[in-house]
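**Student:** Under our numbering, read the sequence shown as residues 61 to 615, first letter to last.
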Amino acid sequence: MRVENAQAPEAAAADPKPEGIVAVETRSSLEVARRRTFAIISHPDAGKTTLTEKFLLYSGQLAVAGAVRGRKTERAATSDWMEMERQRGISISSTVLSFSYRGLVINLLDTPGHRDFSEDTYRTLAAADSAVMVIDAAKGIEEQTRKLFQVCAVRGIPILTFINKMDRDSRDPMGLLGEIEKVLGIDAVPLNWPLGLGDRFTGVYDRLNRQILGFQPGERGSVLVPTQATPVPSLDQAEELGISHAVVQELELLDEACRPFDRARFLAGGITPVFFGSAMNNFGVEPFLQAFTELAPPPGQRGSSEGTIQPEDPLFAGQVFKIQANLNPRHRDRIAFVRVCRGRFTPETELSIARTGEKLRIKGSHKLFARDREEVEEAFPGDILGLASTGNLRLGDTLCEGKVFHLDPLPRFSPECFALAICPDPGRRKQFANGLEQLANEGAVQVFLDPEAIREPILAAVGELQFDVVRYRLRSEYGVDTEIRPLPFKAGAWVGASMSTLKQFNLTLGVKAVTDHRGDPVLLAENAFSIRYLTQKYPEIGLRAFSDNLFGPPQ
């Protein structure tokens with residue numbers, strides 16, 4: 061594997077480090093090597109949250125796994141902590157689950173699969189070192205899977221693939237491999253192979269270790285399933301051990317035609333190892349989890365305004381990739397999710413907010429497990445911290461010890477849906493305003509103000525379902541009923557000129573001037589053409605499309 065920014069031996073000899081620093085760096089290196097921080101991505105209903113639950117089951121975090129379906133009669137999924145998620149059976153907000161497995165510290169980021177919440181997923185992927193892509197065996201590559209894969213590819217995140225629901229009617233496994241390679245443009249290397257499909261799916265053949273892993277059903281997949289491992293010395297003997305002739309032919313074809321697995325190419329994003337199984341019945345989950353811990357990379361280097369930083373560097377640096385209020389409905393709390401990128405964190409660490417230069421007073425630091433949390437004494441690169449925030453932290457903020465610098469900005473998104481938010485009860489306007497301000501700080505929605513109708517803010521989101529979440533959370537967390545009225549706008553742009561200057565220009569029909577949460581002017585338009593037209597006609601306005609910049613350090 062490639063090792064970048066390594067110190068030359070002669071340089072190390074010329075600049076010996078004190079024994080205490082060497083000891084600290086050795087401890088830090090060991091802790092970094094133990095971390096695995098990854099996100100799970102998929103199209104809705106591919107089984108992503110179910111697989112998350114089974115990881116927790118096999119790591120000993122759950123005695124009985126919840127299920128996403130049938131929640132009126134079964135346990136709700138641990139990772140879906142928000143009541144609306146439990147009611148609708150979908151993941152709405154990214155969730156952090158930290159647990160130990162086989163001597164490693166696993167930080168699992170369960171992301172929303174629905175496209176309307178894709179910006180939350182994009183930001184969360186910035187905190188991951190690898191990703192698990194879950195594919196429905198009956199449907200193959202779906203739209204949201206393709207989009208999320210592209211985000212991972214741009215960021216160079218290595219991906220492991222789990223083809224799920226093999227216990228149901230499914231497509232031909234060879235065809236699924238071909239589709240992964242054709243649609244996603246990445247080589248797919250199966251490390252196991254299904255033994256039977258649908259109700260005949262009873263196990264997998266482990267291609268690396270040359271053995272059959274046979275499964276026995278548990279109680280609807282809620283408990284661990286026994287796995288029987290049977291060595292297969294040669295494929296010539298496979299049929300004698302119960303593998304069908306058709307599957308033996310497929311395995312022989314794979315051995316002849318399939319590229320061998322190359323971990324270096326995997327880490328570089330050139331290939332994806334593929335595994336088959338059924339998360340609902342726990343078939344293939346444990347072998348996949350074990351393989352993940354062996355293949356997935358530990359935390360690596362990160363880009364910044366000061367160049368590349370290494371996780372083993374002694375001074376702390378981390379990035380806020382998510383802000384969530386009211387994890388505990390009994391308190392009006394606000395938690396900033398921080399990915400540790402460098403150094404060691406303790407509650408005594410003196411941090412600065414790079415955006416403002418101000419010192420950060422830490423009132424509480426937590427290790428997260430869905431909505432549950434516990435006090436954390438130290439954290440290392442790859443870990444996800446929950447820092448109690450009083451509102452001084454924003455999405456994309458870099459927190460650093462020592463010299464101030466900016467980590468690379470979070471992924472950007474452009475809103476496509478706009479609506480008026482109306483509070484029918486004048487007596488609840490304060491709660492209405494406070495709630496919208498908090499949701500805007502979380503990145504759940506953007507809020508614009510119309511100078512001519514300041515009491516009716518304009519909401520902007522990637523998808524309309526986000527408006528349902530806003531309405532639900534304002535009612536459940538702030539006691540405010542809200543009316544949402546769709547608006548015809550589809551595009552927008554930041555404005556370099558002041559609002560008073562903007563009023564001097566003859567804007568086209570279908571364009572509206574509003575202000576953002578900072579008070580800066582913004583143009584909303586019914587189509588992207590209007591923005592392009594105004595950009596060319598009035599270059600002095602300094603229009604900048606939404607997609608150009610949203611989060612991250614100031615430019």
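For every residue, glycine included, the Cβ atom is placed at its ideal position computed from N, Cα and C. Predicted model, so just to flag it, every value in this text is computed and none were measured.
Using a Cβ distance threshold of 8 Å, determine whether the region 206 to 225 contacts the region 114 to 123, with at least three qualifying pairs required.
**Tutor:** No, they do not touch.
**Student:** Kindly indicate the opening and closing residues of the alpha helix (DSSP H) around Asn501.
**Tutor:** 489 to 502 is the extent of the alpha helix (DSSP H) around Asn501.
**Student:** Counting only the same chain and skipping the five closest in sequence on each side, list residues whose C-beta sits under 6 Å from that of Glu64.
**Tutor:** At Glu64, the pLDDT of 36 sits below 50, so the modelled position is not reliable and the matter cannot be decided from this model.
**Student:** Between which residues of its own chain and Lys597 is the CB-CB distance below 8 Å, once the five residues before and five after are set aside?
**Tutor:** Nothing meets the Cβ criterion.
**Student:** What are the uninterrupted segments assigned as beta strand (DSSP E) that are 3 or more residues long and contained completely in the region 555 to 606, given in chain order?
**Tutor:** 571 to 575, 581 to 585, 603 to 605, all fully within the region 555 to 606.
**Student:** Please name the residue or residues paired with Asn252 in a DSSP beta bridge.
**Tutor:** Asn252 pairs with Asp266.
**Student:** Using C-beta distances below 6 Å, list every residue in its chain close to Pro358, excluding the 5 sequence neighbours before and after it, in chain order.
**Tutor:** So the list reads Val92, Ala93, Arg95, once near-sequence residues are dropped.
**Student:** Quick one: what does DSSP say Thr416 is sitting in, helix, strand or coil?
**Tutor:** In this structure, Thr416 counts as coil in the three-state DSSP scheme.
**Student:** Please report the distance separating the alpha-carbon of Arg533 from that of Glu502.
**Tutor:** Taking the straight line from one Cα to the other gives about 12 Å.
**Student:** Starting from Met193 and walking both ways along the beta strand (DSSP E), at which residues does that stretch end?
**Tutor:** Start and end: 190 to 196.
**Student:** Which whole-angstrom value describes the C-beta separation of Ala248 and Leu237, a residue pair presumed to lie in contact below a C-beta threshold of 8 Å?
**Tutor:** 5 Å between Cβ atoms; contact.
**Student:** Can you tell me the Cα-Cα spacing of Ser230 and Val334, whole angstroms?
**Tutor:** The straight-line gap from Cα to Cα measures roughly 16 Å.
**Student:** Tell me which residues share the same chain as Val505 and place their Cβ nearer than 6 Å to its Cβ, disregarding the 5 neighbours each side in the sequence.
**Tutor:** Around Val505: Leu499, Leu519, Ala521, Gln526, Val530.
**Student:** The alpha helix (DSSP H) that contains Ala351, what's its start and end?
**Tutor:** Looking at the DSSP string, the run of the alpha helix (DSSP H) that includes Ala351 is 345 to 355.
**Student:** Can Gly462 be considered in contact with the ligand MG, in the sense that its beta carbon sits closer than 8 Å to one or more heavy atoms?
**Tutor:** With respect to the ligand MG, the structure offers nothing, as it holds no ligand at all.
**Student:** Can you name the residues that DSSP bridges to Leu411?
**Tutor:** Beta-bridge pairing links Leu411 to Leu420.
**Student:** Whole angstroms is fine: what's the gap from Lys423's alpha carbon to Val540's?
**Tutor:** Spanning the two alpha carbons is a distance of roughly 29 Å.
**Student:** If contact is defined by three or more beta carbon pairs under 8 Å, each pair taking one atom from either stretch, is the region 339 to 348 in contact with the region 362 to 371?
**Tutor:** Segments in contact, no.
**Student:** In this structure, does DSSP put Asp220 in helix, strand or coil?
**Tutor:** One point to set straight first is that residue 220 is Leu, not Asp, in the sequence displayed. Residue state, collapsed to three classes: strand.
**Student:** Can at least three beta-carbon pairs, one atom from the region 304 to 323 and one from the region 196 to 203, be found at a separation below 8 Å?
**Tutor:** Segments in contact, no.
**Student:** Verify whether the separation of the beta carbon atoms of Leu420 and Leu455 is less than 9 Å.
**Tutor:** No.
**Student:** Start and end of the beta strand (DSSP E) containing Glu543?
**Tutor:** From DSSP, the beta strand (DSSP E) with Glu543 extends over 543 to 547.
**Student:** How should Gln204 be labelled, buried or exposed, when 16 other C-beta atoms within 10 angstroms of its C-beta is the threshold for buried?
**Tutor:** Label assigned to Gln204: buried.
**Student:** Where do the N-terminal and C-terminal ends of the alpha helix (DSSP H) with Phe527 fall, by residue?
**Tutor:** It spans 525 to 538 - the alpha helix (DSSP H) in which Phe527 sits, taken as one unbroken run.
**Student:** Give the C-beta separation of Ser425 and Leu447 to the nearest angstrom, bearing in mind that I take them to be a contact with Cβ-Cβ under 8 Å.
**Tutor:** Indeed, because the Cβ distance is near 6 Å, the residues count as touching under 8 Å.
**Student:** How many whole angstroms separate the CB atoms of Ala188 and Ala99, which I take to be in contact at a CB cut-off of 8 Å?
**Tutor:** The pair is a contact, with the Cβ atoms about 4 Å apart (cut-off 8 Å).
**Student:** Look at the alpha carbon of Leu547 and the alpha carbon of Val555, and state the distance between them as a whole number of angstroms.
**Tutor:** The alpha-carbon atoms of Leu547 and Val555 are separated by roughly 20 Å.
**Student:** Start and end of the beta strand (DSSP E) containing Pro233?
**Tutor:** First-last for Pro233: 233 to 244, but that is the alpha helix (DSSP H), not the beta strand (DSSP E).
**Student:** Just to confirm, are Ala605 and Gly552 a CB contact at a threshold of 9 Å?
**Tutor:** It is a contact, given that the beta carbons lie within the stated cut-off.
**Student:** Compare the C-alpha of Gly363 against each of Val165, Asn566, Leu467 and name the closest.
**Tutor:** Considering only alpha carbons, the answer is Leu467.
**Student:** Once you ignore the five residues that flank Leu111 on each side, which residues in its own chain have a CB closer than 8 Å to its CB?
**Tutor:** Excluding positions up to five away in sequence, the list reads Ile100, Val192, Val194, Phe222, Asn224, Ala339, Val345.
**Student:** Any idea which residues DSSP pairs Cys477 with across the strands?
**Tutor:** Cys477 pairs with Ala521.
**Student:** Specify, as a first and last residue, the run of the alpha helix (DSSP H) that Leu314 falls within.
**Tutor:** Residues 305 to 317.
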